[in-house]
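Chains as they are written, first to last, in this note's numbering: chain A, 9 to 453; chain B, 1032 to 1264.
Worksheet: one structure, shown below.
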């Protein structure tokens, strides 16, 4: 680490009177993990890292050697803009290493770094801008249906004011943490909100999403409200997605842009899209990792179901948005299946790996599917060569476990742990008897 | 280091205009002195940071002043003399009166480089330069010593690279920098985000400066970025 960077962090801690420094990292499922150290330990932590027992973290555990090293990424050090201003706290993202200093293969942040480095070796930088959707609910009670704020009963007359002001406060906090917001609005479903983040390089954006989810939840909790990134919390209304706008840059040039194409898409953009489409089924378990994710991916709620692309057809998996004023820098593709409950480090890793495979092997982009695919029957879809994305977590895992691409992108450790963990989740779900079944079968059968 | 400790005494009656311009552009603070009395009268509480004595117009008075500056209880050091090619012989037997010299007419870049080196050597620190520790501009205050920035007295929470970028821009107000220059001067190495990283950081800085102050960093279309206004408004 560079000396100036270290001095900056240490001086800031001293000058601002920071009392606690939170070391952040992410487990395999995408949960933010944190442990706090006092400022006196920080200098040592920046130099040598902090040892902790990895077996306490989901997906980190290995039987023999459980101790790992968290090394702060000083460039992500920031004073947190919430909490008591008299006793400020700061956070810094960490990379997890083995005790011998090698990157720990169970660390999602290191996995993403490895995938970004592979693209960088070809001179390409990966940029991402996600559209984050989520719901506000009354604090949930076990076994009860979620209660949206907009409905009478919870906050009476002032509900919309409260969710509006929470969204504003959320945006202010995000901006204070250097996460610029492009748009924000109330979504279609009751109590659903969307905040679109401005593009950033893949690693910073994955860090930003971790921060984003915490900020949204913190702001809501301060008002006694529960914010949820569950992909489909309410039946019959839209779920929460995390569409990701993607581009590759080669220096200052947008590698996705070409002035010679009708859609201004370069050959690289088309190959990248082709890679994403061909490997979409394999990566879906990672971009949509819960049982509930697949209840969002159904027809009728603006979520993709078919593996297809189009310029302006929101039923496809990839959309090619029309940039404002034809700006070459804004040429991008939108991958629409991921949901905000994913692990952003791993989701970005497999998305990038799929796209890069298309570039490496010069995949051919299938023809655009500009019809409304929801109106076609299976035979018509088959005639067009259009597959569907996996219909359940079980299906998605079955495709994933055969994927060399996903295995390579995630590394053996995470690949195997993830499959094991998610197969368990799927088994528990399959054994569960739901209210749907009682209602439908108990009396009639 | 207090602000007053950075003041340079310059001699020449009147001070040569090319010297004044070079010092101004280089961001050096200076005070013109016409003789030994002036040096004492205007001496800042922390002492002079150094002196530049132009010998070409009135060599006798100039060398006398050099001698006085060196013989004081606290000698003024470092000291640079400006002289013409024909005066080079004057340098012999006067080693104790100056630390460096520069021939007139001087090239501004040469003079600036000599000043920089001389002042750095004098303070002994590797990176110690005659740079103000406190940059203030239209509500923004940036303390280089403590690495802290504040807007209207309220601390800004910046990441390291955001701080470095803001510092570089604020130390060069009014100047337009391309993305490549910012990348090489601020990041200083091949950063993986490439030139686009600059845009991202500018955006983040503006977000943190807030609506009222985000115009401190201006986009100069198809060129790059500028902090604050140009000298000509």
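From the three backbone atoms N, C-alpha and C, an ideal C-beta is built for every residue, glycine too.
Other residues of its chain near residue i: CB distance less than 7 angstroms, five sequence neighbours each side excluded
| i | result |
| --- | --- |
| residue 266 (chain A) | 272, 273 and 274 |
| residue 1284 (chain B) | Chain B is shown from 1032 up to 1264; residue 1284 (chain B) falls before or after that span and cannot be answered. |
| residue 1250 (chain B) | 1256 |
| residue 89 (chain A) | 181, 184 and 185 |
| residue 5 (chain A) | Lying outside 9 to 453, the shown extent of chain A, residue 5 (chain A) is not represented and no answer is given. |
| residue 193 (chain A) | 202 |
| residue 1133 (chain B) | 1111, 1113, 1141, 1142 and 1145 |
| residue 371 (chain A) | 279, 282, 283 and 286 |
N-terminal and C-terminal residue of the alpha helix (DSSP H) that residue i is part of
| i | result |
| --- | --- |
| residue 1194 (chain B) | 1191 to 1202 |
| residue 421 (chain A) | 412 to 438 |
| residue 357 (chain A) | 352 to 368 |
| residue 134 (chain A) | Note, residue 134 (chain A): premise wrong, no alpha helix (DSSP H); beta strand (DSSP E) at 133 to 145. |
| residue 295 (chain A) | 275 to 295 |
| residue 402 (chain A) | 401 to 408 |
| residue 16 (chain A) | 11 to 23 |
| residue 220 (chain A) | 210 to 230 |
| residue 235 (chain A) | No alpha helix (DSSP H) contains residue 235 (chain A), which is instead part of the beta strand (DSSP E) from 234 to 236. |
Inter-residue spacing [alpha-carbon to alpha-carbon] between residue i and residue j
| i | j | result |
| --- | --- | --- |
| residue 87 (chain A) | residue 282 (chain A) | 42 angstroms |
| residue 328 (chain A) | residue 1147 (chain B) | 54 angstroms |
| residue 198 (chain A) | residue 156 (chain A) | 6 angstroms |
| residue 152 (chain A) | residue 238 (chain A) | 15 angstroms |
| residue 1046 (chain B) | residue 1066 (chain B) | 12 angstroms |
| residue 1157 (chain B) | residue 414 (chain A) | Low confidence applies here, because residue 1157 (chain B) scores a pLDDT of 39, under 50, leaving its location unreliable and the question unanswered by this model. |
| residue 1137 (chain B) | residue 1143 (chain B) | 10 angstroms |
| residue 300 (chain A) | residue 338 (chain A) | 33 angstroms |
| residue 384 (chain A) | residue 396 (chain A) | 12 angstroms |
| residue 1245 (chain B) | residue 172 (chain A) | 24 angstroms |
| residue 1237 (chain B) | residue 51 (chain A) | 30 angstroms |
| residue 440 (chain A) | residue 453 (chain A) | 19 angstroms |
| residue 1084 (chain B) | residue 1150 (chain B) | 15 angstroms |
| residue 100 (chain A) | residue 85 (chain A) | 4 angstroms |
| residue 242 (chain A) | residue 249 (chain A) | 13 angstroms |
| residue 346 (chain A) | residue 174 (chain A) | 25 angstroms |
| residue 62 (chain A) | residue 421 (chain A) | 14 angstroms |
| residue 402 (chain A) | residue 436 (chain A) | 11 angstroms |
Beta-carbon gap between residue i and residue j smaller than 7 angstroms
| i | j | result |
| --- | --- | --- |
| residue 16 (chain A) | residue 1178 (chain B) | yes |
| residue 142 (chain A) | residue 78 (chain A) | no |
| residue 133 (chain A) | residue 264 (chain A) | no |
| residue 321 (chain A) | residue 378 (chain A) | yes |
| residue 382 (chain A) | residue 312 (chain A) | no |
| residue 102 (chain A) | residue 60 (chain A) | no |
| residue 1170 (chain B) | residue 1259 (chain B) | no |
| residue 355 (chain A) | residue 417 (chain A) | no |
| residue 407 (chain A) | residue 289 (chain A) | yes |
| residue 1271 (chain B) | residue 1229 (chain B) | The question about residue 1271 (chain B) has no answer, for chain B in this structure spans 1032 to 1264. |
| residue 214 (chain A) | residue 124 (chain A) | no |
| residue 1087 (chain B) | residue 1135 (chain B) | yes |
| residue 38 (chain A) | residue 114 (chain A) | no |
| residue 456 (chain A) | residue 390 (chain A) | In the structure as shown, chain A begins at 9 and stops at 453. Residue 456 (chain A) is therefore absent and cannot be evaluated. |
| residue 279 (chain A) | residue 366 (chain A) | yes |
| residue 233 (chain A) | residue 178 (chain A) | no |
Residue span of the beta strand (DSSP E) that contains residue i, given as start and end
| i | result |
| --- | --- |
| residue 1207 (chain B) | 1207 to 1209 |
| residue 28 (chain A) | 28 to 34 |
| residue 45 (chain A) | 40 to 45 |
| residue 201 (chain A) | 200 to 205 |
| residue 1179 (chain B) | 1179 to 1182 |
| residue 450 (chain A) | Looking at the DSSP string, residue 450 (chain A) is not in any beta strand (DSSP E), and its letter there is neither H nor E. |
| residue 1255 (chain B) | 1255 to 1258 |
Other residues of its chain near residue i: CB distance less than 8 angstroms, five sequence neighbours each side excluded
| i | result |
| --- | --- |
| residue 319 (chain A) | 271, 327, 328, 330, 376 and 378 |
| residue 161 (chain A) | Residue placement at residue 161 (chain A) cannot be trusted, given a pLDDT of 41 that sits under 50; the coordinates are not used to answer. |
| residue 13 (chain A) | 82 and 83 |
| residue 222 (chain A) | 40 |
| residue 1216 (chain B) | 1199 and 1208 |
Cβ distance (whole Å) where residue i is taken to contact residue j below 8 angstroms
| i | j | result |
| --- | --- | --- |
| residue 137 (chain A) | residue 253 (chain A) | 4 angstroms |
| residue 140 (chain A) | residue 220 (chain A) | 6 angstroms |
| residue 363 (chain A) | residue 284 (chain A) | 5 angstroms |
| residue 104 (chain A) | residue 76 (chain A) | 5 angstroms |
| residue 1062 (chain B) | residue 1040 (chain B) | 6 angstroms |
| residue 1090 (chain B) | residue 1069 (chain B) | At roughly 19 angstroms, the Cβ-Cβ gap does not stay under 8 angstroms, so residue 1090 (chain B) and residue 1069 (chain B) are not in contact. |
Nonlocal neighbours in the same chain, by C-beta distance under 6 angstroms from residue i, ignoring five residues either side
| i | result |
| --- | --- |
| residue 10 (chain A) | none |
| residue 314 (chain A) | 381, 394 and 396 |
| residue 1056 (chain B) | none |
| residue 245 (chain A) | 197 |
| residue 1034 (chain B) | A caution first: residue 1034 (chain B) carries a pLDDT of 39, below 50, which makes its placement in the model too unreliable to give a value. |
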